[in-house]
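Heads up, the thing below is written out as structure tokens.
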Amino acid sequence: MNLVSLDFPQRKIKKNYRSITGHFPSVKNNRSVSFESLLEKSLFLILEFDSTVESYMEQPQITIEYNQKSKIYSADCFIKYTQTSSKKNTIVEVKYTSELEKEKEKLELKFNNIRNHVESMNMDFVIFTENEFSKTYIENLDFLYRYKTHNLDSNHSNKILDILKEPISAEDLATLIAKTKIEYFQLANSIWQLVAMNQLCVDLNQEVLSMKSIVRKNNGHH
Numbered sequence: 077m078n079l080v081s082l083d084f085p086q087r088k089i090k091k092n093y094r095s096i097t098g099h100f101p102s103v104k105n106n107r108s109v110s111f112e113s114l115l116e117k118s119l120f121l122i123l124e125f126d127s128t129v130e131s132y133m134e135q136p137q138i139t140i141e142y143n144q145k146s147k148i149y150s151a152d153c154f155i156k157y158t159q160t161s162s163k164k165n166t167i168v169e170v171k172y173t174s175e176l177e178k179e180k181e182k183l184e185l186k187f188n189n190i191r192n193h194v195e196s197m198n199m200d201f202v203i204f205t206e207n208e209f210s211k212t213y214i215e216n217l218d219f220l221y222r223y224k225t226h227n228l229d230s231n232h233s234n235k236i237l238d239i240l241k242e243p244i245s246a247e248d249l250a251t252l253i254a255k256t257k258i259e260y261f262q263l264a265n266s267i268w269q270l271v272a273m274n275q276l277c278v279d280l281n282q283e284v285l286s287m288k289s290i291v292r293k294n295n296g297h298h
């Protein structure tokens, strides 16, 4: 068996009663990427906030030659990592755990076979399920993502970074600096932009983000 190629054809969205389809505006890829389920959209959100990810593409196709016949396998995502990352480029299959359980034996055989071929290309193969993250975490990433596309007000962001010495609630931080109600809301936006840009960090797993959330300067991780 030989892997012949890795291709990225234009994805055709298939609509069915189980899927929620749409397009996701990717900052990393500078284009819209299509998804076929909320689980795929969740994966894309996570990748957007992963500093080790250089880019990603939906529906990579791997051509495998088997018994002198070519067979095409379509996965859900290809992740290209940065050169400074220790991670290998990765092929991802996105599946709900209920889907994996429903066809357990068939899928285990299929994915083990695919994994062997992918690894022979010096890449990794992973299965992404809803167990990889909490609902709160994804809701918070979804909230922060809108701020990735906004232009940062350097005046406000500099004030925030200068005055922030110890962990403090976003509300208290904005109140500390703001001289008017309008400026308070502008500062609130700047705080979330700094979190989205990873210059400030906040606990994304415990509770849904609000102005009561505690923010701190980034010490190397989100």
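Under my numbering, the residues of the sequence shown are numbered 77 to 298, in order.
Every residue, glycine too, gets a C-beta built ideally from N, C-alpha and C.
Residues near residue i by beta carbon distance below 7 Å, same chain, minus five either side
| i | result |
| --- | --- |
| Leu-115 | Val-170, Tyr-172, Glu-206 |
| Lys-288 | Ser-245, Glu-247 |
| Ile-89 | Residue placement at Ile-89 is flagged as unreliable, the pLDDT there being 49, under the threshold of 50; a coordinate-derived value is accordingly withheld. |
8 Å Cβ shell around residue i - same chain, five flanking residues per side excluded
| i | result |
| --- | --- |
| Leu-240 | Leu-249, Leu-276, Val-291, Arg-292, Lys-293 |
| Asn-92 | Model confidence at Asn-92 stands at a pLDDT of 49, short of 50, so the residue's coordinates are unreliable and nothing is read from them. |
| Met-199 | Lys-164, Asn-165, Thr-166, Ile-167 |
| Asn-295 | Cys-277 |
| Ser-266 | Leu-228, Asp-229, His-232, Ser-233, Ile-236 |
| Tyr-157 | Thr-128, Val-129, Glu-130, Lys-163, Lys-164, Asn-165, Thr-166 |
Coarse secondary structure for residue i, derived from DSSP in three states
| i | result |
| --- | --- |
| Val-168 | strand |
| Val-299 | The chain is shown only over 77 to 298; residue 299 falls outside these bounds and no answer can be derived. |
| Leu-218 | It is worth fixing the name first, because residue 218 is Asp in this sequence and not Leu. Note: Asp-218 maps to helix in three-state DSSP. |
| Ser-127 | coil |
| Phe-209 | coil |
| Asp-238 | helix |
One or two residues paired with residue i in a DSSP bridge
| i | result |
| --- | --- |
| Leu-276 | Lys-293 |
| His-99 | Ser-110 |
| Ser-71 | Residue 71 is absent from the structure shown; the chain starts at 77 and stops at 298. |
| Ser-266 | BP columns for Ser-266 are empty, so no partner. |
| Val-202 | Val-168 |
Same chain only: Cβ atoms within 6 Å of residue i, ignoring 5 sequence neighbours per side
| i | result |
| --- | --- |
| Leu-280 | Tyr-213, Asn-216 |
| Lys-235 | Ile-253 |
| Ala-151 | Pro-136, Ile-167, Glu-169 |
| Leu-237 | none |
The region 225–245 contacting the region 265–279, beta-carbon criterion three pairs below 8 Å: yes
Contiguous beta strand (DSSP E) assignments of at least 3 residues, all confined to the region 135–196: 137–142, 145–150, 153–157, 166–170
Check whether the region 215–225 and the region 252–263 are in contact - that is, three or more C-beta pairs closer than 8 Å. no
At least three beta-carbon pairs within less than 8 Å, the region 174–183 to the region 124–131: no
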